[in-house]
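Down below is the structure, laid out as C-alpha cells.
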Amino acid sequence: MTAVQFGVLGPLAVTTDAGEPVVVPGTKVRALLADLLTNRNQVVSADRLIDDLWGDDPPANPAGALQVRVSQLRKALNDAEPGARELVESRPPGYLLRADSVDADRFVELTRSTDADRLTAALALWRGDAYADLADAEFVRAEATRLAEQRLAAHERLAEARVARGEHDLVAADLAELVARHPLREGLRAVQLRALYAAGRQSEALDSYADLRDRLAEELGLDPGPELVALHRRILEQDAGLSAPPKAAIIRNSLPAQLDELVGRGEAVIDLRGLLPRQRLVTLVGPGGVGKTRLATEAARTRSCPDGVHLVELAPLPAGDPRIAEQVLGVLDVREAAGTTVSATDRLVAALRHRHLLLVLDNCEHVVEPVAALVARLLRDAPEVSVLATSREPLGLTGELLWEVPPLSLPEDGDLDAVRRSAAARLFAARAAAQQRGFRLDERTAPAVAQLCRRLDGLPLALELAATRVRALGVRGVVDRLDDRFRLLTTAQRDVPPRQRTLTAVIAWSWDLLDEPDRTVLARLAVFPDGCAPEAAERVCRTDLDALARLVDRSLVVLDDSGAAPRYRLLESVAAFCLDQLADVDDVRARHATYYTELAEQADPELRGADQQRWLALLDAETANLRTALVHGGGLRLAVALSWYWYLRGRLTEARRALAVPGDAAEEARAAAWRIGFALLQGEAVAPADVRAAVAADPDGRGAWFAANALIDHSDLTLSAELLPVAADPWTEAAVLASQAKIAHVAGDQATLERAATRSAALFAQVGDRWGRLQAAEWTGGLAELRGEHERAADLHREGLRWAEELGLWPQVGTELSWLAWLAVQTRDYPQARELAERAYRLAQEQGPPSALVFAEMSLGLAARRDGKLDLAVTHLTRLAERGRAEAQPALYLPPVLVELGHAVEQGGDPDGALALHVEAFEVAEAMAAPRDAIYALEGMASAVRVPEVAARLLGAAATARLATRAPSSPAERDETDRVTERVRGTLGPDRFDALVGEGAKLSPGEARAQL
192 MTAVQFGVLG
202 PLAVTTDAGE
212 PVVVPGTKVR
222 ALLADLLTNR
232 NQVVSADRLI
242 DDLWGDDPPA
252 NPAGALQVRV
262 SQLRKALNDA
272 EPGARELVES
282 RPPGYLLRAD
292 SVDADRFVEL
302 TRSTDADRLT
312 AALALWRGDA
322 YADLADAEFV
332 RAEATRLAEQ
342 RLAAHERLAE
352 ARVARGEHDL
362 VAADLAELVA
372 RHPLREGLRA
382 VQLRALYAAG
392 RQSEALDSYA
402 DLRDRLAEEL
412 GLDPGPELVA
422 LHRRILEQDA
432 GLSAPPKAAI
442 IRNSLPAQLD
452 ELVGRGEAVI
462 DLRGLLPRQR
472 LVTLVGPGGV
482 GKTRLATEAA
492 RTRSCPDGVH
502 LVELAPLPAG
512 DPRIAEQVLG
522 VLDVREAAGT
532 TVSATDRLVA
542 ALRHRHLLLV
552 LDNCEHVVEP
562 VAALVARLLR
572 DAPEVSVLAT
582 SREPLGLTGE
592 LLWEVPPLSL
602 PEDGDLDAVR
612 RSAAARLFAA
622 RAAAQQRGFR
632 LDERTAPAVA
642 QLCRRLDGLP
652 LALELAATRV
662 RALGVRGVVD
672 RLDDRFRLLT
682 TAQRDVPPRQ
692 RTLTAVIAWS
702 WDLLDEPDRT
712 VLARLAVFPD
722 GCAPEAAERV
732 CRTDLDALAR
742 LVDRSLVVLD
752 DSGAAPRYRL
762 LESVAAFCLD
772 QLADVDDVRA
782 RHATYYTELA
792 EQADPELRGA
802 DQQRWLALLD
812 AETANLRTAL
822 VHGGGLRLAV
832 ALSWYWYLRG
842 RLTEARRALA
852 VPGDAAEEAR
862 AAAWRIGFAL
872 LQGEAVAPAD
882 VRAAVAADPD
892 GRGAWFAANA
902 LIDHSDLTLS
912 AELLPVAADP
922 WTEAAVLASQ
932 AKIAHVAGDQ
942 ATLERAATRS
952 AALFAQVGDR
962 WGRLQAAEWT
972 GGLAELRGEH
982 ERAADLHREG
992 LRWAEELGLW
1002 PQVGTELSWL
1012 AWLAVQTRDY
1022 PQARELAERA
1032 YRLAQEQGPP
1042 SALVFAEMSL
1052 GLAARRDGKL
1062 DLAVTHLTRL
1072 AERGRAEAQP
1082 ALYLPPVLVE
1092 LGHAVEQGGD
1102 PDGALALHVE
1112 AFEVAEAMAA
1122 PRDAIYALEG
1132 MASAVRVPEV
1142 AARLLGAAAT
1152 ARLATRAPSS
1162 PAERDETDRV
1172 TERVRGTLGP
1182 DRFDALVGEG
1192 AKLSPGEARA
1202 QL
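Here it is, written out as C-alpha cells:
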C-alpha cells in the first residue's frame, strides 16, 4: 500500500512517507478527510458524509458536491505520493479511507505497554488536542473525547511506571500542572500522593488528599474512593511499602532511542517478539550490514521485563577480549565494592541471580568464545535472565535458537508496483528522499532502483550508503559507478563470501568518491573504538567540523546527538575498512593517547569539585577510548590520572590492572600509594612497611590518604591514624578529617568526632564535592546516634541516601540504608528496621561490598531478635560472629554482634553460653579501644550472670561509663537494661539493689568485668 501518514493528535496533518507535508485544500475537503479518518477502514455512507459536512444547509446537488470534494482529496493525496488516490475507495453506499498509518493508532498500540519509554513515546505523538482544528464538528467529538481520555490514562500509567523506577521527585513536579487541570481525577491524585510521599514530602501529599476530598464534597457531594482512602491511611501510618526503593535496585532500560522507521522488517520484528518470551537465548546471525543490530533493538524494544532490557555493545572491545562481564556490569551500573576479590563474572551472576531482564549482546563475532562462556553461566545461574545476541556466527550453546537475518526483499522486475512492494527499494527510496527532497520512486526511477537493489543484495547498510550519492550522481550514475568497483572486488576478493564482498564494495566505492583530505580524516576516525566528541576528532584527526559534516552527509560517519554532548561514530563495517586504509596509524594512536591522557588529567581535580557529576559522565562516555589509550601510549601516567575516577565508579580490578604497568621514576612514585590502596580495598594483606614506603613516596598527599584510609576497613586503626598525611589542599584536608572522624567513631571519642566530621563537612561543601559531603555526613550522623539524637541522625542519613543515589554510589546506598535500619532498631521500629535491612541486604548481595553486607545482616539480626524471631536472629548473628572472628584482626563489628547473639542465646534458655559471648565481646572491645561497645557488653553480662549482686554492680558500672562517655542508651537498649533491672531489683529488693548499683558505679569497666 502507498505510504501516507495521517495525524489527528493535534491539528489534522498529512505527510508522505518521506515526511513531506501534504496540502489538503479547502475547509470542506479537510472536514471530509477528518470524517473518513474517524471511521477509517470502514465504509461511511454518502448521506452521512453530506449531513456531517453541510448539516441543515446542503448544496443544491449534495451528491455531486460530495463527489467534487472526494476528487479534490484524491488529487491532493496523489500529487504528493503517486498512487495514493487509491486510498479513498468508492464503496456502496459511500466511501472508505484505507489508512494503516495514523498517529492515533500508533498511540493506542504504544499505550498497551506498561514500559515508561514506550508510554513516553506515545505521549510524544501528541501535537495538541485531537482534531484541534475541527473540534467543533460533531462527527469528531466522540473520537476526540475518547482519545483525550486515553491520553490522560497514559499520563497516569507513565507516572506510575516512573515512580516504580525511582523518579518520584520528577513525577511529583510533572504532575502538579496535570492535577491542577484535572483536580477531580482520582487516578492522577493517587500517583501524585505516592510520588510526593516517596520524595519525602508527606505533608504535601496529605494536603493534596485534603484538597481532593473537599472538592469532591463541594462539587459532586461524593467522598474519595476506597483505594484512595486506603492510600491516605498508609501515608498517615508511614507505611514502609510506600517508601522509595533504592535506585540501585531499579535497573532501567538502556536501548537507544528510535531515530527513524525500520523499513521492511515488520514480519521479522513480529516473529522475534513472539520468540523472545519463550526462548532464553536467541542469536541473530547474518553478514555485516544486514541490519542485525537494528532488528534486535526493535524486537527487544517492546519486551516488558520487570528489570528492563539492556543493550551491551561489544564492538568497542578488541578481538578476543575476555572482559565481557565487565562490559555488562558497566551497562547495568553494578560497581565493584571494596573488600572483595570476586571475579567480574561472579559479581554479575550475583547481581542478576534474582533479576528478570533481557540482555541484548550486540556484535559478538570477534569475542564469541568469552561471550559464549558468560552466556552459558548466566543461563545456568540466573534463571530469569534471557539473552538476544547478534553475531556473524553462532555462540554454539545448548538451547541456542539461531535466527538468520535475511537481506531485504528485492524487486522481481522493474515494474513500478513490483519495485514499490520491495522492502529494499522502499528503504533506498526513503533514504534517497531524505538526501534529495525531490526524489520520487516513479516510472522513471524504478528500473534503476530495482537494478541497484539487486546489485547490492538487499543489504540495508549498502543501500543507505548508496542513497547518499543520489543527489550528486542520480540513480543511474550511482549504478554505473558501483559496477566499476564491483568488477574490481569480484576479482580481488574471491575468497570472501559474496554478500560481504557486496558491502565491502559499497564502502570502498564511497571511499573512492571522497577527496583525499576527507579520506585521511575518515581513516583516522577509525582509531576511536566507540566514537568521539568533536574536539577529540579535531585534535586527533587534525581536521575541522566542516570535514566531519561532509562525512556525516555521506552516511560514512554517524552523528549521535542523543546524549549530553554530540559524538561522531563509525559503523563497525566502515571502521574495519578504514583502519586497513590508515597509513600513519602509529602517529594517530600516539595523538589519541596524548589527547585522552590530558583529558584524564584535566578531569582528575574536577572529580573532587562542584562539576563532579558532569566529569564523571564525560569519562563514562569515553571508557572505550581511555582503555585504548592506556595500551597505546597512555601507560602509567594515564592510569594514575584515572585512579580516583575508577574508585568512584567501583572499577577496582581495572584500576589495579592498569596501575601494574611500569613507568618512569615520577610516575612510579605517584602510582605506589594508589596501588597499595586498591590492593587493601580488595582485601589483600599488605605489610605495614610496604604501606609506609608507598605513602612516604606520594607527592601530593591524595594517594597517601587513599592508602591510609583503606587500612580502616582492615581494622588497623593505629597504622591508619599514623599514616594519614598533613593535607596540602582543602580537598585532601577534608578527606583526612573524614577518616579521622571514622576512627574517632569507633573509639567513641566524641570530641574528635565532632571536630573532624564538622570541619570535613564544611570543607567538602566549600569545594562542592558531593561524594565528600556524603562521607562527612555519615559521621555527623554517627555522632548524632552516639548522643541519642536519633531523629537528627536519621535525617542526616536520609540526606546521605539521596546523595548516594544521585551519585550512583550503590555500595554507599546500601550503607545508608543499613544506618537507617540500625536507627529504626534503636527506636523500636522493628518492622521498618527489617524492611530497610532487607533492602540493604539485597543491594549488598548484588553490589558485593562486604562491609555493607555485614551492616545489613547485623540489622536483620537485631530486628529479628527484638521481634521475637530468635532462630532467625541466631542464624544471622552466628554467621557474622564467625566471620568477624576469622579476620586477621578482630572486625570492628564483632563486639556488638557478640552482645546481640548473647541476648538471643540467653532468651533461648542458655544464660551461661550468653555470658561467655558477652565476656568475649567485652575483651574484643577493650582490645580495640571501643568504649561504647565495652559498655554494651557489660550490660549484656548483667543480663546473663546468675548472681544478682554481680548483675547489680555491672549495671552500676555501665551506667557510670555511659555518663562519662556521653553515650546514652537508645530506647531499644533501655528496654534491655530495664528488663534486667526489673528482674534483679525484684530478687534483691529496692534498697539492696540501689546499694549494689552504687558500689558498681565506683568501678571502672575493667574492674566491673573482674567481678565475674
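Quick note on numbering: the sequence shown equals residues 192 to 1203 in this note's numbering.
Quick reminder that beta carbons are idealized off the backbone N, C-alpha and C, glycines included.
Per DSSP, cross-strand counterpart(s) of residue i
| i | result |
| --- | --- |
| L548 | V576 |
| F197 | V205 and V293 |
| V749 | R760 |
| G139 | Lying outside 192 to 1203, the shown extent of the chain, residue 139 is not represented and no answer is given. |
| G722 | P720 |
| E595 | V476 |
| A234 | Reading off the sequence, residue 234 comes out as Val, not Ala. Paired residues: L287. |
| R282 | G285 |
| P212 | T206 |
| D553 | E504 |
| S582 | V476 |
Between the CA atoms of residue j and residue i - distance to the nearest angstrom
| i | j | result |
| --- | --- | --- |
| A1055 | E575 | 30 Å |
| Q1098 | G1131 | 12 Å |
| R883 | G979 | 38 Å |
| W190 | L821 | The question about residue 190 has no answer, for the chain in this structure spans 192 to 1203. |
| R1076 | A791 | 42 Å |
| A506 | C723 | 15 Å |
| L1194 | L1145 | 9 Å |
| D1185 | A1192 | 10 Å |
| P1002 | L810 | 20 Å |
| D306 | A491 | 12 Å |
| R348 | Q518 | 32 Å |
| W594 | V559 | 16 Å |
| L1203 | R1137 | 10 Å |
| A849 | G826 | 8 Å |
| E458 | R612 | 14 Å |
| V354 | W970 | 31 Å |
| P688 | L656 | Below a pLDDT of 50, predicted positions are generally treated as unreliable, and P688, at 48, falls in that range; the measurement from the model is reported next regardless. Going from the Cα of P688 to the Cα of L656 covers about 20 Å. |
| Q684 | A728 | Any answer about Q684 is weak, because its pLDDT of 42 lies below 50 and its placement is not dependable; what the coordinates show is given next. Looking at the two C-alpha atoms, the distance is approximately 32 Å. |
| A1112 | R392 | 42 Å |
| D208 | L643 | 21 Å |
| P513 | H423 | 53 Å |
| G455 | R646 | 18 Å |
| A367 | A542 | 36 Å |
| D324 | G217 | 13 Å |
Nearest-angstrom beta carbon gap, residue j and residue i [assumed within contact, 8 Å]
| i | j | result |
| --- | --- | --- |
| L453 | R485 | 6 Å |
| L910 | P879 | 6 Å |
| A1158 | R1123 | 5 Å |
| A345 | L314 | 6 Å |
Does the pairing of the segment 703-719 with the segment 756-767 give three or more beta-carbon distances under 8 Å? In short, these stretches touch, since the Cβ pair count reaches three.
Using a Cβ distance threshold of 8 Å, determine whether the segment 929-937 contacts the segment 903-912, with at least three qualifying pairs required. They touch, by the three-pair rule.
Pairing CB atoms from the segment 229-243 with CB atoms from the segment 210-218, are three or more of them under 8 Å? no
Under 8 Å: do the segment 465-476 and the segment 487-504 share three or more Cβ pairs, one atom per stretch? Taking 8 Å as the limit for Cβ pairs, the verdict is that the segment 487-504 does touch the segment 465-476.
Answer yes if the segment 888-895 comes into contact with the segment 913-928, meaning at least three C-beta pairs across the two stretches below 8 Å, and no otherwise. yes
Taking contact to mean 3 or more Cβ pairs, one atom from each stretch, closer than 8 Å, check whether the segment 289-300 and the segment 240-249 are in contact. no
Uninterrupted alpha helix (DSSP H) stretches inside the segment 327-375 (no shorter than 4 residues): 329-355 and 359-372
For the segment 1082-1166, list the alpha helix (DSSP H) runs that are entirely contained and at least 4 residues long, ordered along the chain. 1085-1098, 1102-1118, 1122-1135 and 1139-1156, all fully within the segment 1082-1166.
Does the count of Cβ pairs from the segment 604-619 and the segment 633-647 closer than 8 Å reach three? yes
Quick check for students: name the residue ranges of the alpha helix (DSSP H) that lie wholly in the segment 231-277, counting only runs of 4 or more. 237-245 and 253-271
Inter-stretch contact at 8 Å, needing at least 3 Cβ pairs: the segment 294-301 / the segment 196-205: The answer is yes - the segment 196-205 touches the segment 294-301, with three or more Cβ pairs under 8 Å.
Would you say the segment 613-626 touches the segment 572-589, given that touching needs at least three Cβ pairs under 8 Å? no
Scan the segment 604-685 and note each continuous alpha helix (DSSP H) run of 4 residues or more that stays entirely inside, going in chain order. 607-612, 614-626, 637-646, 651-658 and 661-683
Do three or more CB pairs link the segment 663-672 to the segment 769-778 at distances below 8 Å? no
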